[in-house]
Amino acid sequence: LFWKINFNWFENLEKINPVIIKNIRKKFLTKNNKGKSYKNIFLDRSDSPNKWHQILNYNETISLLKKYNFKILKLNNMEFKKQVKIFSKAKNIIGVHGAGFTNLIFCQKNTKVLELRSSKRNFKIFKSVSKINNLKYRCWVYKSKKNDNIEINQKKLDNYLKKLN
Numbered sequence: 112l113f114w115k116i117n118f119n120w121f122e123n124l125e126k127i128n129p130v131i132i133k134n135i136r137k138k139f140l141t142k143n144n145k146g147k148s149y150k151n152i153f154l155d156r157s158d159s160p161n162k163w164h165q166i167l168n169y170n171e172t173i174s175l176l177k178k179y180n181f182k183i184l185k186l187n188n189m190e191f192k193k194q195v196k197i198f199s200k201a202k203n204i205i206g207v208h209g210a211g212f213t214n215l216i217f218c219q220k221n222t223k224v225l226e227l228r229s230s231k232r233n234f235k236i237f238k239s240v241s242k243i244n245n246l247k248y249r250c251w252v253y254k255s256k257k258n259d260n261i262e263i264n265q266k267k268l269d270n271y272l273k274k275l276n
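At position 124 of the sequence shown (counting the first as 1) the number is 235 in the working numbering, and the numbers step up by one without a gap.
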């Protein structure tokens, strides 16, 4: 309810103090490198109980991402420690705007990030976190459809993915 009353809290998050990010990294990043890691990850929101920020041409987009060896991840039920590990090892991260991008806190310098978002959302928190961590952040804005859902331009995505590999 708070966010409905005071929507400006997102703007406050955009001005996050870099010391907070550094302290979170220090607390949760460990030298334990056991477990799976993925070079390329896509943050899949299709299992979200909230039906906004979804990809209308989902199947086509997932097929294209898999062609370029992206691991499709659903974070809703994934253990926090596993999320930290995965993001700390990833080199390329793509996803639709959502809470999963908070894990950018754990990425290493020069990780490439592509945030896909609706034209109705102009939050820059993930851009701020990326700047603090020296990530290579990009954002593609799409015309908003019902519930802030978007349709991904497949040709543009294909061209972007070709340049990553």
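The beta-carbon is built from N, C-alpha and C at its ideal position, and this holds for glycine as well.
Item, Value
"Which stretch, first to last residue, makes up the alpha helix (DSSP H) that contains Ser-241?", "236-243"
"As a quick exercise: from Tyr-179, Thr-222, Lys-126, Ser-174, pick the residue whose alpha carbon is nearest that of Ile-197.", "Thr-222"
"Just reading off the beta strand (DSSP E) that Arg-136 is part of, what are its end residues?", "From DSSP, Arg-136 is part of no beta strand (DSSP E) but of the alpha helix (DSSP H) over 129-139."
"Helix, strand or coil: how does DSSP classify Pro-160 here?", "coil"
"Spatial neighbours of Lys-267 within its chain, please: CB distance less than 8 Å, with the 5 preceding and 5 following residues excluded, ordered by chain position.", "Trp-251"
"Residues in the same chain with beta-carbon distance under 8 Å from Thr-172, minus the five sequence neighbours each way, listed in chain order, please.", "Ile-166, Ile-263, Gln-265, Leu-268"
"Just verifying my parser: in three-state terms, what is the DSSP assignment at Lys-247?", "strand"
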